[in-house]
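Novice: Quick one: this structure, given as C-alpha cells, is what I'll be asking you about.
Residue numbers (our numbering): 79 to 771.
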C-alpha cells in the first residue's frame, strides 16, 4: 500500500485582531523617545548659546584682572605647581562625614575621569567624577569623593577557590611620586551606579585614582579602565602677612566678581585658590506631589529604553580632555560642557569657562567661571513632567480605545460567523438567516452581503424544489396521453380509430419535445449571446418588422406600434432582441382581454424607467388582469409562472420572462413590469454606447 498523501495545509501564525491592533501600537512607543530627543537637542542648542555667553562673561571678568600685579605678587614665597601634575580643585565645606552618603557634596562640581577600553579607545560603559573638599569642622582633614554611573557594581569574590575579578577602585597618595601609598577602596552601590567617600587624616600632596570596570554578565572581562594621573590638591587662600595688601585688594575684586552668574574662582600660577565668589546651584528641588513622582517614573522608564543612558560626547580614539584650569594656566582660554545628570528627561551640564590672567607676557593665574544648567531647568522640568503625564494619558486612552474597538469588532465578527454557520444545516439546506446589523459600517455591509447570499441560496433551493414539482406536473399529462394512446392503439382494430390514437400519441410526443426544448432554451440563449457580436441596427425598423410578423401569426389580435423616433440606430444582437419581443408578445396575447389591442412601443429612456444616458426602451402593453403583488419582485426569475389555469394545455415552465432579462442584461439594460391605467406594461431597456464593438 502506498503512503497517504501529505497534507499541503500550511501552518499559520494564530494572530487575532486584538493582537494585530496591539502590534500596530508598537510604533507609538517611539513617540516619547522622539519627543525627549527633540527636547534634548533644544537644550543642547540652549547650552551652546549659554556657553558662548559664559565665555564672553569670563573674558570680561578676566579683563578686569589683567595687569594687576598687586593681586598676584606677595612677599612670601609661593610654592610652584609640581611638574607632571594637574591641579585638583578643593572645596571648603562646613562639615564632611564619611558615611557613604553624598548629600553634602551636591553642589560640589566634579572632575570628569575619562574611561578607556582595553584597545585604548574611549569607553562609555562608565562615567566617573572626582571631587575633593576640606571641612571647616575638621581642620587638617582631607576628603575625596569618587562617584560613578554604572549599570551594576560587580564585587570581587572567591568561588570554588578561584578569585573572580570585580570593579576595583585604587587610590594612591603621598608626599611625592616616589613615596606613594596604595589604598584599595570598596565602593558602595547607589541607584544608577556606585560611590566611594574617602577621608584622609592629613592632606596629601599628590593623589592618583585608578578604576577598573568589568562585565557583570558572567565573563568578568575588563570593559574599561581609568587613570587620573598625578593630581595636586590646590592650596587654600595664602596666609596674609602684615605688609600683604592683597586681602583688601581682593575684597574689592570679589565685589566685582559677585555680579557674574554662577561661581567665579581665581587661581594663581601654581593652582592655589585666591578668591571665590558665588555658588554652583543645582536649581530648586523637584516637586514631591504624586503627579510629579509619577511623571519622573514614566520619564525614567522611557530613558531606560534608550541604547545608552548617557551619551559620550568624546570621539573614539581621541585623547582625554584636559581640564580647563590646566589649559588656562598654560595661557590658552578653554571651555568645557560636562553632562552630569538628567532631570525630567533633560540633560544637565556643568559649564566651565577658563581664562588666563596676564601681567605683561606672563601668566600669573586663571579665572574659572562655572555654572550648573540645572538651575535654569525649573520651568522646563515642570513642562516636561506635564507633557509626560499628558502623553501617557493619551497613549493609555489610545490603547484602551483600540482595545475596545478591537473587542467590539472581534465580537461582531464572531457573532456573524456563528450566525452564518448556524444558518445552514449539515445537509446544506438554509434553515436560518442573519439578523440585520444595527451599525452601518463595513462589518454591517458584510453581514448584509452574507444575508443576501443566504437569501439567494434559499431562493435557489426553493427553485430547485419547485423545478421538480413543475417538471412532474408538466411531464405527467403528455406521458399519460402517449401511454393511453399506445395502449388503445394496441387494442384497436379499426383503421380510423388507430389513426386517431396515433395522432394523440404524436401530439403527446411533440409536447414532450417542446418541454425539453424550453428547458434548454435558456442555456442556448446564453451560449448564443456569448458568441455573438453587436451589429448596428435601426431599432424602429426592427420593431415594425416584428409587428408585421405578429399580425400574421396572430390574425385575431390587433397590433399597434408607437415609435416616436424616426430612426433609432443602436449596436445590438438583433436575433436576441427579436426573441425577447417574441416572449413579451406571446405573454401579452395570452393575457390580453378579448378584442383589446397589443401596443408595441420604442422610446428614449427617462428617470421613470430607472435608466440614464443613452438607453432605448422596448415595451409591450396590453389590457388585462394586473400583476400579482406576491410575484412582482421575482417575475423575471427562472421557473416563475403565473399561468395556473391558462395556456390551453401548452407547457409553460416560466422561462419566457427570464430570457427577456438575460437579453436586457447582455445589452446593458434591465427588464421591468408594471401596472398601467388600462392594463399591464412589460419591457426591457437597451444601452446605446458611443460606438459598437
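Each residue gets a CB set at the ideal place from its N, CA and C atoms; glycine is no exception.
1) How many Å lie between residue 282 and residue 166 at the Cα?
2) Kindly list the residues whose CB is nearer than 7 Å to the CB of residue 229, restricted to its own chain and excluding five residues on each side of it in sequence; keep chain order.
3) Alpha carbon to alpha carbon, what distance is there between residue 479 and residue 23?
4) Given this structure, state the Cα-to-Cα distance separating residue 666 from residue 556, to the nearest angstrom.
5) To the nearest angstrom, report how far apart residue 190 and residue 469 are at their CA atoms.
6) When the distance is taken between beta carbons, is residue 231 closer than 8 Å to residue 265?
7) Counting pairs of beta carbons, one from the segment 427 to 443 and one from the segment 398 to 416, are three or more of them closer than 8 Å?
8) If I'm right that residue 662 touches residue 757 with Cβ under 8 Å, what's the distance once you round it to whole angstroms?
9) Answer with buried or exposed for residue 393, where buried requires no fewer than 16 other C-beta atoms within 10 angstroms of its C-beta.
10) Going by DSSP in three states, residue 744 sits in which element: helix, strand or coil?
11) So does the segment 583 to 593 actually touch the segment 559 to 572, counting three or more Cβ pairs closer than 8 Å?
12) Pick helix, strand or coil for residue 469, following the three-state DSSP scheme.
13) What would DSSP say about residue 144, mapped onto helix, strand or coil?
14) Quick one: give me the first and last residue of the beta strand (DSSP E) that residue 650 is part of.
15) Out of 654, 260, 176 and 301, which has the shortest C-alpha to C-alpha gap to residue 244?
16) Which residue comes first and which comes last in the alpha helix (DSSP H) that contains residue 853?
17) How is residue 130 classed by DSSP in three states: helix, strand or coil?
18) How would you label residue 644, buried or exposed, when you count the other beta carbons within 10 angstroms and need 16 or more for buried?
19) Of the residues 652, 765 and 576, which one's Cα is nearest the Cα of residue 615?
20) Looking only at its chain, what residues have a beta carbon closer than 7 Å to the beta carbon of residue 633, apart from the 5 residues adjacent to it on each side?
21) Where does residue 753 sit, in a helix, a strand or coil, going by DSSP?
22) Of all the options 451, 537 and 98, which has the alpha carbon lying nearest to the alpha carbon of residue 118?
23) Using a threshold of 8 Å, state whether the C-beta atoms of residue 683 and residue 763 are closer than that.
24) Could you please give the first and the last residue of the uninterrupted alpha helix (DSSP H) stretch that includes residue 402?
25) When the Cα of residue 551 is compared with those of 540, 713, 593 and 538, which residue comes out closest?
26) Where does the unbroken alpha helix (DSSP H) through residue 271 begin, and where does it stop?
27) Whole angstroms are fine: how far does the CA of residue 268 sit from the CA of residue 420?
28) Please state the DSSP three-state secondary structure of residue 217.
29) Buried or exposed: which applies to residue 103, given that a residue is buried once 16 or more other Cβ atoms fall within 10 Å of its Cβ?
30) Using the C-alpha atoms, what's the distance from residue 747 back to residue 526?
31) Helix, strand or coil for residue 367? Go by DSSP, reduced to three states.
32) Within 10 Å of its beta-carbon, does residue 108 have 16 or more other beta-carbons around it, so buried, or fewer, so exposed?
33) If you count every other CB in all the chains shown that lies within 10 Å of the CB of residue 170, and 16 or more means buried, which is it?
34) Which of the three DSSP states, helix, strand or coil, is assigned to residue 97?
35) At which residues does the beta strand (DSSP E) containing residue 638 begin and terminate?
36) Here's a check: name, in chain order, each residue in its chain whose Cβ is nearer than 7 Å to the Cβ of residue 617, leaving out the five neighbours to either side.
Specialist: Answer, in terms of the structure:
1) Working through the chain shown from its first residue, we reach residue 282 at position 204. Working through the chain shown from its first residue, we reach residue 166 at position 88. Pairing residue 282 with residue 166, the inter-Cα distance amounts to about 12 Å.
2) Translated into positions along the chain shown, residue 229 becomes position 151. 294.
3) Only positions 79 to 771 of the chain appear in the structure, and residue 23 is not among them; the question remains open.
4) As a first step, residue 666 is located in the chain shown; it is residue number 588 there, counting from the start. As a first step, residue 556 is located in the chain shown; it is residue number 478 there, counting from the start. Roughly 26 Å separates the two Cα atoms.
5) Within the chain shown, numbered from 1, the residue matching residue 190 stands at position 112. Within the chain shown, numbered from 1, the residue matching residue 469 stands at position 391. Distance from the CA of residue 190 to the CA of residue 469, rounded to the nearest whole angstrom, comes to 35 Å.
6) Residue numbering aside, residue 265 sits at position 187 when the chain shown is read from its first letter. Residue numbering aside, residue 231 sits at position 153 when the chain shown is read from its first letter. In contact: residue 265 and residue 231 (Cβ atoms closer than 8 Å).
7) A contact exists between the segment 427 to 443 and the segment 398 to 416.
8) Taking the first residue of the chain shown as 1, we reach residue 662 at position 584. Taking the first residue of the chain shown as 1, we reach residue 757 at position 679. In fact, because the Cβ distance is near 13 Å, the residues do not count as touching under 8 Å.
9) If you number the chain shown from 1, residue 393 lands on position 315. In this prediction, residue 393 has a pLDDT of 36, which is less than 50 and means its spatial position is unreliable; nothing more can be read from the coordinates.
10) As a first step, residue 744 must be located in the chain shown, where it is residue number 666. Helix at residue 744.
11) Between the segment 583 to 593 and the segment 559 to 572, the count of Cβ pairs shorter than 8 Å is three or higher; the stretches touch.
12) On the chain shown, position 391 is the one that residue 469 refers to. Correct three-state label for residue 469: helix.
13) Along the chain shown, one-based indexing puts residue 144 at 66. If DSSP states are grouped into helix, strand and coil, residue 144 belongs with coil.
14) Position 572 of the chain shown holds residue 650. Looking at the DSSP string, the run of the beta strand (DSSP E) that includes residue 650 is 647 to 650.
15) Along the chain shown, read from residue 1 onward, the residue named residue 244 stands at position 166. Of the candidates 654, 260, 176 and 301, the one whose C-alpha sits nearest the C-alpha of residue 244 is 301.
16) This structure gives no information on residue 853, because the portion of the chain shown stretches from 79 to 771.
17) Stepping through the chain shown from its first residue, residue 130 is reached at position 52. Of the three classes helix, strand and coil, the one that applies to residue 130 here is helix, per DSSP.
18) Within the chain shown, numbered from 1, the residue matching residue 644 stands at position 566. Counting Cβ neighbours within 10 Å, residue 644 comes out exposed, since fewer than 16 surround it.
19) Here residue 615 is taken as the residue at index 537 of the chain shown, counted from 1. Selected option, being the one with the closest Cα: 652.
20) Your numbering for residue 633 matches position 555 in the chain shown. The beta carbon of residue 633 sits closer than 7 Å to none of the beta carbons in its chain outside the five residues before and after it.
21) Position 675 of the chain shown, counting from 1, holds the residue named residue 753. Looking at residue 753 - three-state DSSP - the assignment turns out to be strand.
22) Walking along the chain shown from the start, residue 118 turns up at place 40. Measuring from the Cα of residue 118, the nearest candidate turns out to be 451.
23) Start at 1 with the first residue of the chain shown, and residue 683 comes out as number 605. Start at 1 with the first residue of the chain shown, and residue 763 comes out as number 685. Result yes, Cβ atoms of residue 683 and residue 763 sit closer than 8 Å.
24) Numbered from its first residue, the chain shown carries residue 402 at position 324. That run of the alpha helix (DSSP H) goes 402 to 407.
25) As a first step, residue 551 is located in the chain shown; it is residue number 473 there, counting from the start. Ranking 540, 713, 593 and 538 by CA distance to the CA of residue 551 puts 593 first.
26) Your numbering for residue 271 matches position 193 in the chain shown. Run containing residue 271: none in the alpha helix (DSSP H); it sits in the beta strand (DSSP E), 271 to 278.
27) Along the chain shown, read from residue 1 onward, the residue named residue 420 stands at position 342. Along the chain shown, read from residue 1 onward, the residue named residue 268 stands at position 190. Looking at the two C-alpha atoms, the distance is approximately 16 Å.
28) Numbered from 1 along the chain shown, position 139 holds the residue referred to as residue 217. Here residue 217 sits in coil by DSSP.
29) Taking the first residue of the chain shown as 1, we reach residue 103 at position 25. The residue is exposed, with fewer than 16 neighbouring Cβ atoms inside 10 Å.
30) Translated into positions along the chain shown, residue 526 becomes position 448. Translated into positions along the chain shown, residue 747 becomes position 669. Straight across, the Cα-Cα distance linking residue 526 with residue 747 is about 25 Å.
31) Numbered from 1 along the chain shown, position 289 holds the residue referred to as residue 367. Assignment of residue 367 by DSSP, reduced to helix, strand and coil, places it in the coil class.
32) Your numbering for residue 108 matches position 30 in the chain shown. Flag for residue 108 reads exposed.
33) Numbered from 1 along the chain shown, position 92 holds the residue referred to as residue 170. Counting Cβ neighbours within 10 Å, residue 170 comes out exposed, since fewer than 16 surround it.
34) Numbered from its first residue, the chain shown carries residue 97 at position 19. DSSP places residue 97 in helix when its eight states are reduced to three.
35) For the purposes of this step, residue 638 is taken as the residue at position 560 of the chain shown. Segment 637 to 641, the beta strand (DSSP E) holding residue 638.
36) As a position in the chain shown, residue 617 is number 539, starting the count at 1. Counting only Cβ-Cβ distances below 7 Å, and skipping sequence neighbours, we find 646, 648, 680 and 694.
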